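Peer 1:
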Amino acid sequence: MAHKFKELQIWKRSRLFCSEIYAITSKFPDSEKFGLTNQLRRASVSIPSNIAEGSSRNSNKDFARFLQISIGSAYEIETQLLISADLNFILDNELQSCLSELGEIIKMISKFKSTLI
Numbered sequence: 809m810a811h812k813f814k815e816l817q818i819w820k821r822s823r824l825f826c827s828e829i830y831a832i833t834s835k836f837p838d839s840e841k842f843g844l845t846n847q848l849r850r851a852s853v854s855i856p857s858n859i860a861e862g863s864s865r866n867s868n869k870d871f872a873r874f875l876q877i878s879i880g881s882a883y884e885i886e887t888q889l890l891i892s893a894d895l896n897f898i899l900d901n902e903l904q905s906c907l908s909e910l911g912e913i914i915k916m917i918s919k920f921k922s923t924l925i
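Counting from 1, position 49 in the sequence shown corresponds to residue 857 in this note's numbering; the numbering is continuous, with no gaps.
(1) Distance check for K812 and N901, CA to CA, integer angstroms please.
(2) Less than 8 angstroms between the beta carbons of F836 and L844, yes or no?
(3) Which one of K915, E912, I832 and E840 has the shortest CA to CA distance from L903?
(4) For L890 and F897, what's the separation of their Cα atoms in angstroms?
(5) Helix, strand or coil for K812? Go by DSSP, reduced to three states.
(6) To which residues of the same chain is S822 closer than 6 angstroms at the C-beta, ignoring the five residues directly before and after it?
(7) Going by other Cβ atoms of all chains shown within 10 Å of its Cβ, with 16 needed for buried, is S852 buried or exposed?
(8) What are the boundary residues of the alpha helix (DSSP H) that N896 is part of?
(9) In whole angstroms, what is the alpha-carbon distance linking F874 and S922?
(10) When you compare only the Cα positions, how much space is there between D870 and K841?
(11) Could you give the distance in angstroms between the alpha-carbon of Y883 and the alpha-carbon of W819?
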């Protein structure tokens, strides 16, 4: 049973979050282009991408597995944002805003995942 991922709030919200990560990392030092900038961008793209890919699977169990991968990417982002703050690449208010939104996305994905199992 395929889900219409474009209608899922978790997909919409994580897609918007991805744009926020791109905006924030665009201010990182050029020396980080292949480091934290790349890592954060890839992980942020991974969240909505895995939701979309999982939605195409034939079983809820498979979809739940892709949602778990999305959650893993979210925790990766959290760690990378904290490291970025440690290195003074990100302002405290940006960090708090991102962590808050990321927490909400994780909760939403987890809640949705629990309806599939």
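Idealized CB from N, CA, C, for every residue including glycine.
Bear in mind the structure is a predicted one, so any value in this text is a computation, not a measurement.
Peer 2: Per the coordinate set shown:
(1) 34 angstroms
(2) yes
(3) I832
(4) 10 angstroms
(5) coil
(6) I855, P856 and I913
(7) buried
(8) Premise fails: N896 is in no alpha helix (DSSP H) and is neither H nor E.
(9) 13 angstroms
(10) 34 angstroms
(11) 17 angstroms
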